[in-house]
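Yeah, the sequence shown ends on 346 if you go by the working numbering, and it's all consecutive. Virtual Cβ for every residue (Gly too), placed ideally from N, Cα, C. Given the structure is predicted, the values throughout are model-derived calculations rather than measurements.
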Amino acid sequence: MSEDLNLTHLAIMISGRGSNMRAILEAIQSGIVENVLPEIVISNRADAAGLEIAKKFGVPTVVFQNNELRGWAYDVQIANLLDDLGLKRSSLLICLAGYMRILSKQFIQKYRMQILNIHPSLLPSFPGLDAQNQAIKYGVKVSGCTVHIVDEGVDTGWILMQKAVQVYDNDTAETLSARILKWEHMIYPKAINSYLKGKIKINREKTA
Ligand code: GAR
139 MSEDLNLTHL
149 AIMISGRGSN
159 MRAILEAIQS
169 GIVENVLPEI
179 VISNRADAAG
189 LEIAKKFGVP
199 TVVFQNNELR
209 GWAYDVQIAN
219 LLDDLGLKRS
229 SLLICLAGYM
239 RILSKQFIQK
249 YRMQILNIHP
259 SLLPSFPGLD
269 AQNQAIKYGV
279 KVSGCTVHIV
289 DEGVDTGWIL
299 MQKAVQVYDN
309 DTAETLSARI
319 LKWEHMIYPK
329 AINSYLKGKI
339 KINREKTA
């Protein structure tokens, strides 16, 4: 592993399609995201389509399928893997990209401020599952996506970047999801870059 002190070592965690992961890997490849080395893609599902995409980018993949394990009993496998790969806490970034398991408090505390997530709503509205469907059902006229730092709550951490999109009267969860997803692919790499470059200042209460 490279010892370059300016380099951030990236682990991406997925559960499915992996389009946000692809957007991040493309942004690294094209230099939009700088000084980041993708080290590993971790999935909790062997059938995650994103695993094949990761391989095409030449990024190693690992699957932990024993989803019946709860909390830290599951997450310790990931922590041990990151340790075994020599990924030091100080230069590690973990990006959740459609990772559909809730992380344990122990894992979040171990990697405090080093786990980012993208969520398909304007948080704090519509946290949790099926955010786009929640937005349609509620009847909001604007929704969007949010990149945030992961804390111990569900989708409650410090907000790094958001993009609002219009919700139309004839939208379904699918059409809204597609509109939001395009922006997810834009803002996740941007947010990673800004976060790593220290352009986003974190206060106790909020980011600026
Ligand atoms: C994305 O829309 C992402 O925001 C969402 O899952 C989708 C994954 O798509 N994440 C969540 O809902 C997390 N709570 P992808 O696998 O193509 O990136």
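Within 8 Å of the C-beta of Ile-166 there is not a single heavy atom belonging to the ligand GAR. Straight-line measurement puts the Cα of Gln-304 at about 5 Å from the Cα of Val-280. Following the DSSP letters along the chain, one finds Leu-189 in no beta strand (DSSP E) but inside the alpha helix (DSSP H) bounded by residues 188 to 194.
Out of Glu-312, Ala-187, Pro-262, Val-201, the CA that lies nearest to the CA of Ser-181 is found in Val-201. Annotated as proximal: Gln-272 and Ser-259, with beta-carbon spacing under 9 Å. Assignment of Asn-144 by DSSP, reduced to helix, strand and coil, places it in the coil class.
For the beta strand (DSSP E) assignment, the uninterrupted runs of no fewer than 3 residues enclosed by the region 295 to 330 are, from N- to C-terminal side, 297 to 304. Annotation: the continuous beta strand (DSSP E) that includes Glu-177 extends over 174 to 181. In this structure, Gly-209 lies near Gln-244, with their beta-carbon atoms less than 9 Å apart. Secondary structure at Leu-231: strand, using DSSP grouped into helix, strand and coil. Secondary structure in the region 265 to 299: the beta strand (DSSP E) runs of 3 residues or longer, each lying completely within the stretch, are 280 to 287 in chain order. Excluding residues up to 5 positions away in sequence, His-286, Ile-287, Val-288, Asp-289 lie with their Cβ nearer than 6 Å to the Cβ of Gly-295 in the same chain. Between the ligand GAR and the CB of Pro-176, the shortest heavy atom gap is not smaller than 8 Å. By DSSP's assignment, Val-200 forms a beta bridge with Ile-180. Going by beta carbons, Ala-192 and Tyr-326 fall outside the 9 Å limit. Between the C-alpha atoms of Glu-206 and Ile-340 there is a straight-line separation of about 36 Å.
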